[in-house]
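Data block below; observations after.
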Amino acid sequence: MVSLKFIYILLACWSNPCRNNARCMQINGGTDYMCICPEGLLLTGKNCDQRITTTPSTTITTVSPCLQNPCFNGGACIVLPSPNSYFCQCPEYTYGSHCENLNRCFIQPTPCQNNGLCIPGPNSAYSCSCSSQYTGIHCETFISLASICTSVVCLNGGTCLALNDNTIAFCQCRPGYSGSRCELSNQCSSSPCLNDGLCTPVNPSYQCTCKNPYFGPQCQYQNNICSPSPCKNGASCFVINNNNDYVCGCAPRYTGKNCETIVASCNSALCYNGGTCVLMSDGTTFKCACQPGYTGDRCMSVITRNCISQPCRNGGTCSEGPFTYECKCSSPFRGKQCETVTSVYSPCDSNPCKNTGTCNVSGNSYTCTCAPGYTGNTCELDMRPAVCELNCLPGYCFANSAGQPAFACFCMDNTIRLKTCS
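If you're matching positions, the sequence shown starts at 0 in this note's numbering and goes up one per residue.
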């Protein structure tokens, strides 16, 4: 509740203009005065400075000017000594010569509705100061809570909210957008790029830079390195190394990366103990694919297990591979049998890739290129099928991730055959 005080500077009676002990009373808002003459002295005049003379025979008959109650709004009529003179003593918050003016801000109930604040003005004027949810001369009109949002446009699907008793409009933005009107895009905050794609904000959206072999607006699609097939002469294409490379399953009498080279015949009589002669990719050299239990260039040596002879030196650990043994070396040794000491460290020194996987240095780390049928960071996962309709000995059967044919043979010369390694 606002407390209002009105301070009037009274100047009209300051010089005490009334004579003969008359009482001075200010009127018209302090701009004028009137003198109330003492009773019994028969004084008159504006300042009670004139005497009324009478004779014994004079009879004075007077009618009170207050008889008709000329004062409004509860004002009290006071008879003055001057003939037919009176003064209206007005109650608080009324004014005028007859108390005819009323300041409505001080009359209950005030004209301002819905807790509006009544502010007095000059004469009988007033104005209403309304709360935030109302408007109108008397604060009689309710403002809808949503009305402040009618003139606010939130972009990119944002929602306008009215705050602080409908005095502030606030845009609640969707994920990935910001700004007073949701005009700024930060779409990368939700990591929309899949498969390690790099997200770059491009107002009002984003752009993904995909890593091979992925593509699409969100790197959600994967290129098939075998489509279209690079393999020639009727060869089938097989995806390896997480779709980063391929091998071709060549038809008989063809070899090469893409089966583009015709090979000469191979004399199987060169291999002993049932070994299979395998012509190498150059078309002139061969290797013998030995039956289990045999080893050597011509399959002449008998073995029971690859690691039984403890081929790994200098504390290396021997493990069985698909065709031979593998040594996991301790630093600083390296090599097939951990026989070499190196002073320059390489992430591949310890032969971390299993199952004949090839180690590739990548900065301060390494990656493994796995042979068909194996996967994992170090090619440790054997994905070869337990049942296969092909006879791949002395190689092994693996499932073709490209789909057709469903299975193929990976042979000891690191080539793929469709039906058999022999």
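C-beta: ideal position from N, C-alpha, C; glycine also.
Neighbourhood of residue i by C-beta, 7 Å cutoff - its chain only, sequence neighbours within 5 removed
| i | result |
| --- | --- |
| F214 | Y220 and N222 |
| R333 | T339, T341 and D348 |
| C317 | C306, Q309, P310, C311, Y324 and C326 |
| Q112 | H137, C138 and E139 |
| F141 | Q132 and Y133 |
Contacting residues, own chain, Cβ-Cβ under 8 Å from residue i (five flanking each side not counted)
| i | result |
| --- | --- |
| T377 | P351, C352, K353, G356 and C367 |
| Y395 | P321, G372, R383, C408 and F409 |
| S204 | S184 and Q186 |
Residue closest to residue i, alpha-carbon to alpha-carbon, out of the options
| i | options | result |
| --- | --- | --- |
| N20 | P310, D31, P37 and Y32 | P37 |
| K286 | E319, S188, N100 and P393 | P393 |
| Q88 | P69, L162 and C129 | P69 |
| Q217 | G362, L197, L162 and V360 | L197 |
| R50 | V78, Q67, P82 and L116 | P82 |
| L183 | Y344, N155, I35 and S84 | N155 |
| C337 | C328, S345, V343 and P291 | C328 |
| C192 | K210, G178 and S177 | K210 |
| T260 | P16, C230 and G274 | C230 |
| G73 | P90, N194 and C236 | P90 |
| L40 | W13, G274, L79 and C358 | L79 |
| C153 | G314, G375, Q171 and N359 | Q171 |
| C47 | R22, N242, L116 and D31 | R22 |
| I147 | I167, G135 and F141 | I167 |
| P291 | P200, D195 and C391 | C391 |
| S84 | Y293, T43 and C117 | T43 |
| Y365 | P346, N241 and M411 | P346 |
Proximal residues to residue i (C-beta, below 6 Å), its chain only, five neighbours per side dropped
| i | result |
| --- | --- |
| P119 | N102, C104 and Y125 |
| S421 | T275 |
| N313 | F332 and C337 |
| C65 | C76, V78 and Y85 |
| D195 | K210 |
| R18 | N46, C47 and D48 |
Inter-residue CB distance, residue i and residue j (contact presumed, cutoff 8 Å)
| i | j | result |
| --- | --- | --- |
| P384 | A370 | The Cβ separation is near 15 Å, so there is no contact. |
| N232 | Y253 | 5 Å |
| P174 | S188 | 7 Å |
| C289 | I415 | At roughly 19 Å, the Cβ-Cβ gap does not stay under 8 Å, so C289 and I415 are not in contact. |
| N243 | P212 | 7 Å |
Cα-Cα separation between residue i and residue j, rounded to whole angstroms
| i | j | result |
| --- | --- | --- |
| S150 | Q206 | 33 Å |
| C249 | Y324 | 27 Å |
| C129 | C159 | 24 Å |
| C258 | S177 | 57 Å |
| F71 | Q132 | 38 Å |
| G157 | R180 | 8 Å |
| T303 | P404 | Residue confidence is low: T303 scores 49 on pLDDT, short of 50, so the model does not pin down where it sits. Its coordinate-derived value is still stated next. Rounded to whole angstroms, T303 to P404 spans 34 Å at the Cα level. |
| H97 | C138 | 32 Å |
| Y344 | P331 | 7 Å |
| G375 | V386 | 21 Å |
| C127 | N202 | 48 Å |
| F5 | F86 | Confidence in F5 is poor, its pLDDT being 36 and thus under 50, which makes the residue's placement unreliable; the coordinate value appears in the next sentence. Approximately 22 Å, taken between the alpha carbons. |
| P227 | F169 | 54 Å |
| C236 | L417 | 11 Å |
| G484 | E319 | Here the chain covers residues 0 to 421 and nothing more, so residue 484 does not appear. |
| P110 | C117 | 7 Å |
| V238 | E388 | 20 Å |
| P200 | C225 | 33 Å |
| C298 | T419 | 19 Å |
Residues bridged to residue i (per DSSP)
| i | result |
| --- | --- |
| F237 | V246 |
| A124 | Its beta-bridge partners do not exist; DSSP assigns none. |
| Y176 | S184 |
| M24 | M33 |
| E325 | S318 |
| R333 | T339 |
| S204 | V201 |
| L42 | R50 |
| Q171 | T158 |
| T357 | T368 |
| D381 | Y373 |
| L116 | S128 |
| N100 | Y94 |
| C76 | C87 |
| A11 | Beta-bridge pairing links A11 to no other residue. |
Min CB distance residue i to chain D below 8 Å
| i | result |
| --- | --- |
| P110 | In the displayed structure, chain D is absent; only one protein chain is listed. |
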